[in-house]
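Student: After the structure tokens below, expect a handful of questions from me.
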Amino acid sequence: MDENPFAPPRTEDLDGPVPTGDHGSLDDEAVRALRAAGRWSSLAAVLGLGAMVLLVVQGALVLGHQLSEPFARFTLLLNAVAIPTLGPLVWFSQGFARAVGGLAEERPRAVERSMEAQRRLLTVYAVLALLTSGLLLLGLAMGFLAARRGW
Amino acid sequence: MSELRLSELRLSDQAVEELARARRWAKLGGIVSLLPPPVVALWVLAPWARGGGTLSASSVATILSTVAAPAIAGAYALSYARHLRRFSEGQPGALATAFRRLRGLCALGAFALLLLVFQLLAGLTE
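Protein chains in written order, with this note's numbering: chain A, 149 to 299; chain B, 197 to 322.
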């Protein structure tokens, strides 16, 4: 901060408290809710990882011709979209859970890291919502057009 | 929680800035999540209404996975964003409510992924 070096020294009596950029503290209830969110997020990350493994196994089975042929291409296409979609979700869910865990372990800058991880998780949520909603509406529009034209 | 802990868990400028960004993303995600459910519901329910009232199990599953889940997630995300806005307007208690909505959103995500795992397991063991 640029301050005049010739200015008289600040005193709290005359000038009031020095602004610290502090916006209050996290109350117990907020910390409890945040930590519970972290636990659910950790569970979601584990389940997402499990789903990714199962999708890979399913894809391998399809490639090995163990599933019926007309279903195979659709399954592979679905897996090719689902696996990269789940990846960031798993990564940022685990990141959020780890950051929130830092609150209990009293790590330095744990609050900032928790809020940053929270913002990243919600960014991923919004991007995935945009993608899935867009694809869903596109699919419905194409289905509607195909039905009208008798394809 | 001890006094020492409380003094450590304080919201800095950076934390509040991150919360403001999280609020904007949650609002976008919430609105976008609420867009498809009515369209999908119309798409699924219109033939059902014309056909005289028999709804197949697959239609119910489609409604649950593509209508109910995104709609609930969208509602939670918008509620989270609204409570964060209230917090930014000077209501300190709104922060805990916002984090409870975030907890609900995470629980819903975990539940949706659990359903996906069960669905995949059922498909693989058929």
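Beta carbons are placed, not taken as given, at the ideal position from N, Cα and C, and that holds for glycine. Because the structure is a prediction, the values reported are computed rather than measured.
Excluding the 5 residues flanking residue 274(B) on each side, which residues of the same chain have their C-beta closer than 8 Å to its C-beta?
Tutor: 222, 223, 226, 227, 230, listed in sequence order.
Student: Can you find at least 3 beta carbon pairs, one from the segment 250-258 of chain A and one from the segment 218-226 of chain A, that sit closer than 8 Å?
Tutor: These segments do not touch.
Student: Would you list, in chain order, the members of the segment 231-262 of chain A that have their beta-carbon closer than 7 Å to a beta-carbon of chain B?
Tutor: Under the 7 Å Cβ criterion, the segment 231-262 of chain A contributes 251, 254, 259, 260.
Student: Could you tell me whether the segment 234-241 of chain B touches the segment 291-309 of chain B, where touching means 3 or more Cβ pairs closer than 8 Å?
Tutor: Contact fails: fewer than three Cβ-Cβ distances are below 8 Å.
Student: Answer with buried or exposed for residue 200(A), where buried requires no fewer than 16 other C-beta atoms within 10 angstroms of its C-beta.
Tutor: Per the 10 Å Cβ criterion, buried.
Student: Express the C-alpha separation of residue 290(B) and residue 216(B) in angstroms, rounding to a whole number.
Tutor: When rounded, the distance between both Cα atoms is 14 Å.
Student: Apart from the five residues just before and just after residue 180(A), which ones in its own chain have a Cβ nearer than 7 Å to its Cβ?
Tutor: Excluding residues within five positions, none has a Cβ falling inside 7 Å.
Student: From what residue to what residue does the alpha helix (DSSP H) around residue 268(A) run?
Tutor: Run containing residue 268(A): 258-297, per the alpha helix (DSSP H) assignment.
Student: If you count every other CB in all the chains shown that lies within 10 Å of the CB of residue 266(A), and 16 or more means buried, which is it?
Tutor: Buried: at least 16 other Cβ atoms inside 10 Å.
Student: Rounded to whole angstroms, what's the CA-CA distance from residue 279(A) to residue 236(A)? Just pull it up for me.
Tutor: Their backbone Cα atoms lie some 13 Å apart in a straight line.
Student: As a quick exercise: from 258(A), 228(A), 185(A), pick the residue whose alpha carbon is nearest that of residue 205(B).
Tutor: Considering only alpha carbons, the answer is 258(A).
Student: Taking only beta-carbon atoms, is residue 286(A) less than 8 Å away from chain B?
Tutor: Cβ-Cβ to chain B under 8 Å: no for residue 286(A).
Student: Any idea what DSSP makes of residue 260(B), helix, strand or coil?
Tutor: Reduced to three states, the DSSP call for residue 260(B) is helix.
Student: On the DSSP bridge list, what partners appear for residue 173(A)?
Tutor: DSSP output for residue 173(A) lists 206(B) as bridge partner(s).
Student: Keeping to the same chain, check which residues put their C-beta closer than 6 Å to that of residue 270(B); ignore five residues upstream and five downstream.
Tutor: Excluding positions up to five away in sequence, the list reads 226, 229, 230.
Student: Can you name, in chain order, every residue of its own chain whose Cβ lies under 7 Å from the Cβ of residue 197(A), other than the five neighbours on each side?
Tutor: Once the five neighbours on either side are set aside, the close Cβ partners of residue 197(A) are 238.
Student: According to DSSP, is residue 299(B) part of a helix, a strand, or is it coil?
Tutor: Of the three classes helix, strand and coil, the one that applies to residue 299(B) here is helix, per DSSP.
Student: Work out the CA separation of residue 322(B) and residue 242(A) for me, nearest whole Å.
Tutor: The straight-line gap from Cα to Cα measures roughly 32 Å.
Student: Return the CA-CA distance between residue 282(B) and residue 276(B), expressed in angstroms with no decimal places.
Tutor: Whole-angstrom Cα-Cα distance: 10 Å.
Student: Quick one: does residue 203(A) have its CB under 8 Å from some CB of chain B?
Tutor: Answer yes: the Cβ-Cβ gap between residue 203(A) and chain B drops below 8 Å somewhere.
Student: Is residue 290(A) close to chain B? Criterion is C-beta to C-beta, closer than 8 Å.
Tutor: Not one chain B Cβ lies under 8 Å of residue 290(A).
Student: Just checking: is the beta-carbon of residue 210(A) within a distance shorter than 8 Å of some beta-carbon in chain B?
Tutor: No - not a single Cβ of chain B is within 8 Å of the one on residue 210(A).
Student: Taking CB distances under 8 Å as the criterion, tell me whether residue 217(B) reaches chain A.
Tutor: By this cut-off, residue 217(B) is an interface position.
Student: The alpha helix (DSSP H) with residue 279(B) in it runs from where to where?
Tutor: Segment 265-284, the alpha helix (DSSP H) holding residue 279(B).
Student: Taking the alpha carbon of residue 207(A) as the point to measure from, which residue in 190(A), 230(A), 192(A) has its own alpha carbon closest?
Tutor: It is 230(A) whose Cα lies nearest to the Cα of residue 207(A).
Student: Any beta carbon from chain A within less than 8 Å of residue 262(B)'s own beta carbon?
Tutor: For residue 262(B), the answer is yes, since a Cβ of chain A falls inside 8 Å of its Cβ.
Student: What's the C-alpha gap between residue 285(A) and residue 256(A)?
Tutor: Going from the Cα of residue 285(A) to the Cα of residue 256(A) covers about 45 Å.
Student: Alpha carbon to alpha carbon, how far is residue 289(A) from residue 232(B)? Give it in angstroms, no decimals.
Tutor: Spanning the two alpha carbons is a distance of roughly 12 Å.
Student: Quick check: the Cα distance between residue 182(A) and residue 234(A), rounded to an integer number of angstroms?
Tutor: The straight-line gap from Cα to Cα measures roughly 23 Å.
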